[in-house]
Amino acid sequence: MPIIHPNTTTLPVTDYPTTSPYTNSTGNPIAVAAVDFINNLLNKIPLPRWAIYAIFVAGGLLVLLCCLCICVKCCCKGKKKKKQQKENINLKGADGKTTTALVQPDVADVDYGSAKRQRGKLLYSLDYNAAQSELTVGIKQANNLKAMDLGGTSDPYVKVYIGPDKSKTFETKVFKSTLNPVFNEQFTFQIAKSSLLKSTAVMKVFDFNRFSKHEIIGEIRVQLCNVDWNHVIEEWQDLAEPAKFEEENLGEICFSLRYVPTNAKLTVGILEAKNLKSMDAGGTSDPYVKVQLALDKRKWRKKKTSVKKKTLNPYYNESFTFDVSFEQIQRVNLVISVWDHDALTRNDAMGKIFLGCDAAGNQLKHWADMLSNPRRPVAQWHSLLTAEQVNSTLVLKRKLPLQNKLPFLGGPPT
Ligand SMILES: [Ca+2]
Ligand SMILES: [Ca+2]
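Position 59 (the sequence shown) corresponds to 59 in the UniProt record's numbering; numbering is contiguous.
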């Protein structure tokens with residue numbers, strides 16, 4: 001194919017041909033114009049054509065080299081990451097000795113202080129007047145309290161109550177910006193000798209903050225059954241890490257359980273509850289009970305009682321029957337929770353408890369009694385716990401996948 005360029009006449013004779021072998025006279029006019037433009041431009045540069053091309057080639061090579069360098073660097077990084085991941089995975093499989101060596105941080109790196117760091121100590125007194133059934137708790141002073149504020153100080157005050165009743169809570173005055181406050185305050189509780197021995201005196205030291213939540217510095221719990229009441233007790237004690245859960249009186253609930261293996265029916269009879277916590281103004285609640293089953297720690301089935309208005313001692317006598325096969329009953333947990341119904345706002349949790357394969361103590365006993373007495377309803381009272389307390393023991397996963405719920409939808413046909 002002959003190569004004809006419309007502008008070949010403008011080319012100096014000494015110059016190299018600039019027409020591309022791929023263009024032809026009938027080619028795209030835009031391409032032709034572009035080639036002309038480049039030719040004109042090259043003609044304006046006071047350098048021989050070969051020099052210009054050489055510069056272009058050198059520039060191109062430089063750019064190519066840079067790209068290559070960047071690529072190589074990226075690849076290396078990726079490999080390193082993969083290697084690290086591999087190492088991490090291998091850690092699991094490594095023998096104990098290697099794992100310890102790799103996982104255990106240096107002794108110097110461990111902030112032992114944070115666990116053991118001094119919270120300070122408190123001087124308190126205990127005195128019981130048996131004739132008047134009066135327990136007097138004295139909060140004298142604190143020493144070397146932990147600094148909770150930015151300036152290296154705290155604004156301490158002490159809360160005092162007698163557990164587990166916690167009917168009365170006293171507070172000392174707040175002392176601003178000090179780690180060694182002298183409180184010298186006394187608080188008197190009316191308490192019979194019989195309940196005294198089952199009680200715990202709780203003293204919690206807090207840091208007051210005007211614009212944020214008050215933080216606990218530490219606490220002291222004295223089991224009152226261990227105290228020699230013949231003398232007035234006055235002693236210094238180190239503040240301890242606050243207990244994770246407050247033993248709070250959330251009331252009790254009575255329900256019956258009945259399991260019939262032959263027809264695979266679990267019946268939960270919610271009978272009554274008493275001494276529930278008041279959630280509404282006026283010192284009452286509107287309690288209802290949620291009955292929930294979890295299978296393999298997944299939420300499975302749920303039923304509710306009616307709402308009993310304005311009472312802390314509701315009587316339900318409502319029962320709920322669930323289909324639970326004998327194979328499933330070994331993997332089931334039953335969660336019973338009491339809620340306060342609110343017409344306008346969100347309903348509040350008042351207490352919770354769970355029984356079943358993962359339960360312990362009194363709850364496990366009730367569950368075991370049910371299993372060992374098939375067909376017979378077994379009723380028992382249980383003390384309610386906080387939702388957090390239950391949730392920390394029984395961590396429920398998402399809902400059960402549909403196929404487990406509806407057996408006829410189960411796995412692929414074989
Ligand atoms: Ca403060
Ligand atoms: Ca309510």
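C-beta atoms are modelled at their ideal positions from N, C-alpha and C, and glycine is treated no differently.
- The C-alpha of E235 is placed about 20 angstroms away from the C-alpha of E134.
- For S383, the uninterrupted beta strand (DSSP E) segment begins and ends at V378 to S383.
- Proximity to Y288 across V227, K310 and T305 peaks at T305, based on C-alpha coordinates.
- Following the DSSP letters along the chain, one finds G351 inside the beta strand (DSSP E) bounded by residues D348 to G356.
- Here the distance from the Cβ of S285 to the nearest heavy atom of ligand 2 is below 7 angstroms.
- With fewer than 16 neighbouring CB atoms inside 10 Å of its own CB, R375 falls in the exposed class.
- DSSP, reduced to helix, strand and coil, places R221 within a strand of the structure shown.
- For S337, the three-state secondary structure derived from DSSP is strand.
- Assignment of beta-bridge partners to G138 by DSSP yields S125 and Q186.
- The stretch 187-199 and the stretch 143-156 do not touch, with fewer than 3 CB-CB distances between them shorter than 8 angstroms.
- The beta-bridge partner set that DSSP reports for T321 consists of T267.
- With 16 or more other CB atoms across the displayed protein chains lying within 10 angstroms of its CB, T172 is buried.
- With a threshold of 7 angstroms, the Cβ atom of H214 does not count as near ligand 2, since no heavy atom of the ligand is closer than that.
- Summarising the contact set, residues whose Cβ lies nearer than 7 angstroms to any heavy atom of ligand 1 are, in chain order, M148, D149, S154, D155, D207, F208 and N209.
- Under the 10 Å beta carbon count, A54 is surrounded by fewer than 16 other beta carbons and is classified as exposed.
- Counting C-beta pairs with one atom in each stretch, the stretch 276-283 and the stretch 354-374 have fewer than three that are closer than 8 angstroms, which means they do not touch.
- Not one heavy atom of ligand 2 is found less than 7 angstroms from the C-beta of M350.
- Excluding sequence positions up to five before and after V182, its CB lies within less than 7 angstroms of the CB of Q141, all in the same chain and listed in chain order.
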